[in-house]
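Data block below; observations after.
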Amino acid sequence: MRSKAPGDLEQEVADLRSETLALRKANNELAQAARLQKVRQQKLVDELKHATRLPEHRTAASRTRERELDEFVAALRDENAKLRRRNLKLHDSVRLAADRPVKSKRQTPRPRKENRVANRVRDMLDQIGERVARAESKVDDVAPRPPVERHNRDILDLQERLKDSHTKVQILEHQIGQIEAAMQAGKQVQRHAVEQVDKYKALLEDMQGKYRAAQAKVKQLEVTSEQTAALNLMIEDLQATNANLQAQVDGLTRSAFMSDEAESRRLRSVEADHLAQISELRLVVAERDHALESSTAKINDQMARLQQLEAEALQSAQEREQLQRELATIRERMRHLDDRVHVFTADSGVELEELDLALDLIRRQKGLFRAAGPDADPVTIPALQRKVRELEILNKDLVTELKCKEDMLRIQTHLNSELDAEYTRVQAENRDLKQSIFEMQRSVAARPRAESVISDMSLLSQLSTLSFTENHNVIVVRVTGARFTSLKDGTDALTFIGIDFFDFETVYSGVFAGAQPHYKLTAQFKVAVDAFLLDHLRSKSIRVDVYRQTDQGDVQRFAVCCIPLAGLLGHTQRIRDSYEAVDVDKTGKPVGTIDVVAKMYRPVVSTLPTPADSDNGTPREDGKSATFTMRMTLGVQSLVVNGVDHADGLTLHAHNMYYNVDGVAERVTGKDRPTFAIEFETKHDRLLPHELVRFEVLKGGPDGTLVGHFDLVLTRIAQAQYGEITSTLPVKDDNDGEIGACDLSVEWILAANPLT
């Protein structure tokens, strides 16, 4: 079924409403006409009843008037029949108007029925009014005339006719009721039509939603087609690369001399790589030997400390046992003293007050003895005096000894509590030491014998003592050795170094003798990874100070070495090289080299620009200027980002860690096409096939909002020899979703690629 437009549905609803109003108006007019006709018929019946009550003596003129009345009644009957037929026709027309289908807006409009129905109703009502008026005039003419004689049967017939007319009028009223019922049915049809309109509106909204979904699907199909086109371009690029490689292989096979020379260069490069790997392996073995020695020394120190603690624990246990035996002896002596003091305590029934009273009595007795004179007993009194003196002395000694024993008991009780606490602590330490010994023995027994595994586990054990979070990292710097040209070989010059980084404390090595000391100093720095740290690593360096002991015994700093940290942000996340150490005086002449290895505990990816790298020929920290061996230009042909208008302007921000990018930030509009120039240093030529240049797309100026990014891999550029290379790169957002594309062209500024 074909759906209709919203305008057609609204026009159909308006037509239905207008026809409904016309039907209502016609129905009201019919009802009013029926009421008027009913009133007139009632008036006519009343007049006829009045005429029946006239005298029976009627004249010929009255008979003539009766005949005319009969004819009028017959005409009225015919008129009622015509009215009935017209009512039927009107009912049929109303029913047809209600059942007529709604026409759309696009069809030719037909003349409205409401005017025809209203005109027909008005004409019919006018005719009924005229005939009723004629009947009233005739009745008025008949009423005042004198009655004539007529048979009563005629009057009865007239009454029957009037009843028939009344019945017909009732039938007409019934038909009018049917018309009203038809009007109600029309209203129901109208409501049904309104419901259909609502249903059509819902269907229309559903169709619009499906239409929008179809549009979204079409857009997805367009995006898929764009991806297919990008894949086709990538396939073409790969085919071109394959053809280029095939051409190179063919060229090498055609020229035996070139093949031999290339093979020789390859063998020399392989030999150099192998020698570098061998030196690196030797350094790694030396590092791991040093780590193994340090780990073994630490284990031996811990074992000696554990044995010492175990001996101290055994000695403490023996001392505790001895103290317990001495405490038992003291307690036994205390019991004996308690028995001796028991005589003079309250338990024996003698108190100090009683003793004082006894002493007073004795003193009074002495006075009595003195007062007695020579008559007193010379034997009893001295004996009593001696006895009292002995008792006093014994009492004093016992009280003093008791006081001493109480003090000793209190002191011994305090010592016992301290000894118990010390014994508990020593026992807990003994258990902890035994557990530590057991764990260390188990770890030592489980350690593999491989030197590489031992070194890695040693480093991990050292790093495990640090507390890490998601935003922290550890920089490990190791100085393996040095070679000083200013010091003569075989001399006993004593030197040591110190590593200084950022605001951390300086880490010093041990003192070594000779011109080629093996410091083997390792320093660890825990740092918080943020934009400031990345910028610091990219632009700053670690300083290694070299100190020397003079003949007078003083220590002075005679050399310094700066180690750039930008290598920690590369793909290898590692630095392994020999750096030049210069004299600290104003001349700044080189005095030797220092071998340094640095790495990050966790990988770090640098995504921030390097403003310092954008200047050509910027002097380095070691005083040397950058030398460039090759240059290339990057041209932006087109840049399309979904949802961003080029009228607002886009800014491309290019950066790389090793290469100097000229034109770091360029604006892209509808007409402007930016160009970037890249310069390569001599020592970074070998990194070209493994590097990329990142372009950040900013909305507005250089300080605008980051919209997306795309990466230019330099592998194809390193393989190219001549001409221009074009490529289409997808623009991605932070979630690696494609939001656009960029067409780039790359061309060597020199005549040929120096790498090829």
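In my numbering, the protein residues as written are 2 to 757.
Even for Gly, the Cβ is constructed at its ideal location relative to N, Cα and C.
A quick note: this is a predicted structure, and the numbers were derived from the prediction, not measured.
{"Asked": "Is Lys590 helix, strand or coil when you go by DSSP?", "Found": "coil"}
{"Asked": "Suppose you measure from the CA of Asp578 to the CA of Thr242; what does that come to, to the nearest Å?", "Found": "35 Å"}
{"Asked": "If contacts are defined as beta-carbon pairs under 8 Å, then Leu635 and Thr588 qualify, I think. What distance do you get, rounded to the angstrom?", "Found": "Actually they do not touch by this definition, with Cβ atoms about 43 Å apart."}
{"Asked": "Could you spell out the range, first to last residue, of the beta strand (DSSP E) harbouring His537?", "Found": "Counting along the chain, His537 falls outside any beta strand (DSSP E), though it belongs to the alpha helix (DSSP H) covering 532–540."}
{"Asked": "Would you mind giving the Cβ-Cβ distance between Gln638 and Ser540, rounded to the nearest angstrom? I have them listed as a contact below 8 Å.", "Found": "Incorrect: roughly 33 Å between the Cβ atoms, too far for contact."}
{"Asked": "Do Leu566 and Leu538 have their beta-carbon atoms positioned less than 7 Å apart in this structure?", "Found": "yes"}
{"Asked": "In whole angstroms, what separates the C-alpha of Ser437 from that of Asp290?", "Found": "26 Å"}
{"Asked": "Taking the beta carbon of Ala483 as the centre, do at least 16 other beta carbons fall within 10 Å, making it buried, or is it exposed?", "Found": "buried"}
{"Asked": "Going by other Cβ atoms of all chains shown within 10 Å of its Cβ, with 16 needed for buried, is Phe533 buried or exposed?", "Found": "exposed"}
{"Asked": "For the ligand ATP, is there a heavy atom less than 6 Å away from the beta-carbon of Asp421?", "Found": "Looking at this structure, you won't find the ligand ATP or any other ligand, since it has none at all."}
{"Asked": "Between Asp396 and Leu324, what straight-line distance do the alpha-carbon atoms span, to the nearest angstrom?", "Found": "Before going further, note that residue 396 is Asn rather than Asp in the sequence given. Computed Cα separation, rounded: 32 Å."}
{"Asked": "Assuming Glu423 and Leu310 are in contact, meaning their beta carbons sit under 8 Å apart, how far apart are those beta carbons, in whole angstroms?", "Found": "No, Glu423 and Leu310 are not in contact; Cβ-Cβ is about 14 Å, not under 8 Å."}
{"Asked": "Is Ser270 helix, strand or coil when you go by DSSP?", "Found": "helix"}
{"Asked": "I need the straight-line Cα distance from Ala560 to Ile498, nearest angstrom please.", "Found": "9 Å"}
{"Asked": "Quick check on Val708: buried or exposed, where buried means 16 or more other Cβ atoms within 10 Å of its Cβ?", "Found": "buried"}
{"Asked": "Where does the unbroken beta strand (DSSP E) through Asp578 begin, and where does it stop?", "Found": "575–584"}
{"Asked": "Is Arg113 helix, strand or coil when you go by DSSP?", "Found": "Residue confidence for Arg113 is low, a pLDDT of 46 falling below 50, so the modelled location carries little weight; the figure read from the coordinates is stated next. Coil, per DSSP."}
{"Asked": "In the DSSP assignment, find the beta strand (DSSP E) that holds Leu488 and state where it starts and stops.", "Found": "Unbroken run through Leu488: none, as it is neither H nor E."}
{"Asked": "Report yes if the C-beta distance between Ala742 and Val694 is below 7 Å; otherwise report no.", "Found": "no"}
{"Asked": "So for Asp555, helix, strand or coil by DSSP?", "Found": "coil"}
{"Asked": "On the CB-based measure, 16 or more other CB atoms within 10 Å of its CB, does Gly593 come out buried or exposed?", "Found": "buried"}
{"Asked": "The beta strand (DSSP E) that contains Phe711, what's its start and end?", "Found": "706–714"}
{"Asked": "Cutting at 6 Å between CB atoms, please list the residues of its own chain near Pro591, excluding the five before and the five after it.", "Found": "Glu581, Val583"}
{"Asked": "By a C-beta neighbour count over all protein chains shown, 10 Å radius and 16 as the cutoff for buried, is Gln557 buried or exposed?", "Found": "exposed"}
{"Asked": "How about Gln386 and Ile331: are their beta carbons less than 7 Å apart?", "Found": "no"}
{"Asked": "Alpha carbon to alpha carbon, how far is Leu653 from Arg575?", "Found": "30 Å"}
{"Asked": "Does the structure place the region 220–238 close enough to the region 730–742 that three or more beta carbon pairs sit under 8 Å?", "Found": "yes"}
{"Asked": "What does Ile498 pair with, by DSSP beta-bridge criteria?", "Found": "Val547"}
{"Asked": "Helix, strand or coil, according to DSSP, for Arg387 in the structure here?", "Found": "helix"}
{"Asked": "Run the CB neighbour count on Pro383, radius 10 Å, all protein chains shown included, and call it buried at 16 or more, exposed below.", "Found": "exposed"}
{"Asked": "Three-state secondary structure (DSSP) at Gln189?", "Found": "helix"}
{"Asked": "Taking Ala524 as part of the beta strand (DSSP E), name the residues at either end of that continuous run.", "Found": "522–529"}
{"Asked": "Run through the DSSP bridge pairs and tell me what Ala599 is partnered with.", "Found": "Val478, Ile576"}
{"Asked": "Tell me whether the beta-carbon of Gln1 lies closer than 7 Å to the beta-carbon of Val598.", "Found": "Because the chain in this structure spans residues 2 to 757, residue 1 falls outside the shown range and cannot be described."}
{"Asked": "Excluding the 5 residues preceding and the 5 following Phe502 in the sequence, name in chain order all residues of the same chain whose CB lies nearer than 6 Å to its CB.", "Found": "Phe526, Ile543"}
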